[in-house]
Structure formats: C-alpha cells, structure tokens
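Residue 691 in the numbering used here sits at position 35 of the sequence shown, with consecutive numbering throughout.
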Amino acid sequence: MNICVFLSAADLDDRYTRPAREFAELIGKGGHTLVWGGSDVGLMKVVADGVQEAGGRLLGVSVQFLAAKARTGTDEMVVARDLAERKRILLEKADAVVIMVGGTGTLDEATEILELKKHGHTDKPVVLLNTAGFYDGLKEQFHRMESEGFLPRPLTELVFFAQEPVGAMAYLEECQGME
C-alpha cells in the first residue's frame, strides 16, 4: 500500500517523534511505501528514516523551492513546480492518507483531502493520528461542523481518528482488506 503521510518538517520533541517513528516502522515492516513531502529534515526525516530502516520504500514529492532539503537515496523522488502540484501528485500516488502533527501546511493538505472526500472525488481512507491530543481542538471543530449541518456526509465517512500508530495502521489495513 502507498501510504501518504502529511506531517511537519519541524524538529519536535519525543512526544511527537516517538509515535511518528513507531508508525514509520509499521509502514516499513508491512512492506508498504511511504509517500511524503520528500524533505530530509525534522519529523519528515524521522518518518523516512524509520520506514527505510524497517524495509519499506520511499516515494518523495518535493517542491522546487524546497529541493535543497529533499532526501537523497529514495526509491523515487518527484520535484513539483509548486505546492498545489505537490499536493496533487501526493494524493495521486497514495492509496491512503495519514495526517500527523504539523502546522499550516499539514492543515492545508488535510483539509484538501477531506474536501475531496466530502464531495465524493476520492474514497481513499484518511486517518488523523491524534498524537498527544494534538488535534483535540480540530476534532471538536469537525464534530461541531457535523452537528450544525456543515458536512453533507457523516464525519465517520470522511476521517478516522486514531490515538496510537497501531490503531491507524490497523484501520488502513482493514480498509484495504489486508487484516
């Protein structure tokens, strides 16, 4: 399975890096491919290292203005012209999407895939990995959107909230019939 992971390129503390590495190892040990932003810095590097060390494949999609931070030694690296093209390529190459901790870029990527699902333009499974309660506020906002009629589909059809990496992977494998 090609698993696209949206996440931060920032250097973060152990409460975020440890679960990210744990999920990366599950990707690699499962023989899956990481599809990610291609950067070799911060949390992106932690995940890419974990996948590669556990035997998984790396498919990076960088962008021209970040090409200097792109990881070398990947199985495949694509350099997009801009962020919009990068998102399009990431989603095209993915069988499933996992949203990890991140900033505005990660939030932008997350809302794009959810918008595509809301309108029926993709049926790829989407998991929001709520490490250390990072997305509690966003989850609450999504529930409010649902309860007040802003979502034409039930929230459970759009995204699965996982608290731990093992739950995220179990959900993806179940969706892909790999259980």
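The beta-carbon is built from N, C-alpha and C at its ideal position, and this holds for glycine as well.
| Item | Value |
| --- | --- |
| Among residues of its own chain, excluding the 5 on either side of A680, which ones have a beta-carbon nearer than 6 Å to its beta-carbon? | V703, G706, V707 |
| Please work out which residues of its chain come closer than 8 Å, Cβ to Cβ, to P808, disregarding the five sequence neighbours upstream and downstream, and give them in chain order. | K774 |
| Specify, as a first and last residue, the run of the alpha helix (DSSP H) that F798 falls within. | 792-803 |
| Near E741, which residues of its chain fall below 8 Å by C-beta distance, leaving aside the five closest residues on each side in sequence? | V719 |
| Identify which residue in V691, V783, F817, G759 has its Cα closest to the Cα of E796. | F817 |
| With distances taken Cα to Cα, identify the nearest neighbour of A826 among L785, G789, F790, I769. | L785 |
| Answer yes if the segment 721-729 comes into contact with the segment 747-755, meaning at least three C-beta pairs across the two stretches below 8 Å, and no otherwise. | no |
| What residue range does the beta strand (DSSP E) around L715 cover? | 713-719 |
| Compute the distance between the beta-carbons of T762 and L828, then report whether it is under 8 Å. | no |
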